[in-house]
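In full-length UniProt numbering, the protein residues as written are 1 to 247.
Before any comments, here is the structure.
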Ligand SMILES: Cc1cc2nc3c(=O)[nH]c(=O)nc-3n(C[C@H](O)[C@H](O)[C@H](O)COP(=O)(O)OP(=O)(O)OC[C@H]3O[C@@H](n4cnc5c(N)ncnc54)[C@H](O)[C@@H]3O)c2cc1C
Ligand SMILES: NC(=O)c1ccc[n+]([C@@H]2O[C@H](COP(=O)([O-])OP(=O)(O)OC[C@H]3O[C@@H](n4cnc5c(N)ncnc54)[C@H](OP(=O)(O)O)[C@@H]3O)[C@@H](O)[C@H]2O)c1
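Set out below in structure tokens:
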């Protein structure tokens, strides 16, 4: 397959003024839930490309990406300008290791996301063979403001469909919201507030964790989880912490 294929935008969902999803039709190679592809646009005769995780499960015929308009960013503001019918270049080859086949067995799978990094976890949670792998799945989704929580209806539907196996812990850092935790993931883990919200402890013998998004959040969360006895999951030395930084 060539390096880039021409994709067609079929829908844009505007979650708020800066946060949006693009649904794109493009012929890409099969991917594993949790992986990412690349989107690109020509700017002044140059191709500007960036990585974006697939939000859709591999079985879905239309690709979906969740993105935030980064102030003064080179590509993301231009992606937000796209409307149905517009073209966008898509890399046909998926990449990335934030996938369940990289994560060892355990009782619970904890998924920690900031901002747009909820995307790969939704792909995983919507994929066909996900639910047999662990007894419970906990999605911890941290944003600045409540209005930054995308896909809430879908996530609530997962709660309804899997009332025993799925737990959702929304975290909002810059306002107080009823029914949601307030603060940042690392401190809320230190306090035990996240564990208390689901009634499950985090321990190396039973827990697997995946962390995705803001690199500072990942660095701090890693340190907190290591303090609880968990270790990075490497191919040669399996552990309990699998990570993907977005920048
Ligand atoms: C493996 C991987 C997967 C990614 N998946 C996604 C995705 O699904 N959705 C997405 O929006 N971005 C994702 N990104 C980030 C994306 O590739 C771009 O960096 C982002 O869209 C900004 O590009 P830009 O050209 O507008 O800004 P640039 O000019 O490249 O500015 C980069 C700066 O923007 C900020 N930034 C970048 N990404 C984000 C983000 N997601 N949330 C908040 N601040 C950010 C950081 O401060 C970073 O230093 C991913 C990155 C990687 C490495
Ligand atoms: N959200 C806005 O109001 C706004 C407005 C204009 C532009 N933007 C653009 O949007 C981008 C930001 O996107 P975003 O809000 O999706 O991502 P983000 O800045 O990564 O924030 C997402 C969540 O991660 C938390 N976080 C940040 N650093 C952390 C750390 N070290 N440890 C733990 N948690 C941490 C944030 O908490 P804190 O809130 O405590 O940082 C927030 O709850 C910016 O680059 C900017 O260009 C955003």
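The C-beta atom is built at its ideal place from N, Cα and C for all residues, glycine as well.
Query, Result
"I believe residue 54 touches residue 37 by the beta-carbon criterion, under 8 Å. Please report the beta-carbon distance rounded to the nearest angstrom.", "6 Å"
"Measure the C-alpha to C-alpha separation of residue 173 and residue 215 and round it to an integer number of angstroms.", "16 Å"
"Rounding to the nearest angstrom, what Cα-Cα distance links residue 268 and residue 42 in this structure?", "Nothing about residue 268 can be reported from this structure: the residues present for the chain run from 1 to 247 only."
"Decide if residue 7 is buried, meaning its Cβ has at least 16 other Cβ atoms within 10 Å, or exposed.", "buried"
"What separation, rounded to the nearest whole angstrom, lies between the Cα atoms of residue 209 and residue 110?", "5 Å"
"So, with DSSP's three-state summary, where would you put residue 221?", "helix"
"Measure the alpha-carbon distance for residue 120 versus residue 60 and round it to whole angstroms.", "14 Å"
"Go ahead and label residue 108 buried or exposed: buried means 16 or more other beta carbons lie within 10 angstroms of its beta carbon, across all protein chains shown.", "buried"
"Given a cut-off of 8 Å on the beta-carbon distance, is the pair residue 95 and residue 35 in contact?", "yes"
"Does the count of Cβ pairs from the region 159-173 and the region 119-137 closer than 8 Å reach three?", "yes"
"Can you tell me the Cβ-Cβ gap for residue 65 and residue 21, rounded? I've got them flagged as a contact below 8 Å.", "6 Å"
"Helix, strand or coil, according to DSSP, for residue 67 in the structure here?", "strand"
"Would the beta-carbon of residue 116 be found less than 7 Å away from any heavy atom of ligand 1?", "yes"
"Apply the 10 Å Cβ neighbour rule to residue 127 and answer buried if 16 or more other Cβ atoms are within range, or exposed otherwise.", "buried"
"Would a C-beta distance cut-off of 8 Å place residue 180 and residue 190 closer than the cut-off?", "no"
"Can residue 174 be considered in contact with ligand 2, in the sense that its beta carbon sits closer than 7 Å to one or more heavy atoms?", "yes"
"Assign residue 4 to one of three DSSP states: helix, strand, or coil.", "coil"
"Between residue 231 and residue 221, what straight-line distance do the alpha-carbon atoms span, to the nearest angstrom?", "12 Å"
"In the DSSP assignment, what residue or residues form a beta bridge with residue 212?", "113, 244"
"On the DSSP letters alone, give me the boundaries of the alpha helix (DSSP H) that residue 49 sits inside.", "No alpha helix (DSSP H) holds residue 49; the beta strand (DSSP E) holding it covers 46-53."
"Given this structure, state the Cα-to-Cα distance separating residue 76 from residue 200, to the nearest angstrom.", "38 Å"
"Between which two residues does the alpha helix (DSSP H) holding residue 229 run?", "No alpha helix (DSSP H) holds residue 229; DSSP gives it neither H nor E."
"Is the CB-CB distance between residue 161 and residue 141 below 8 Å?", "no"
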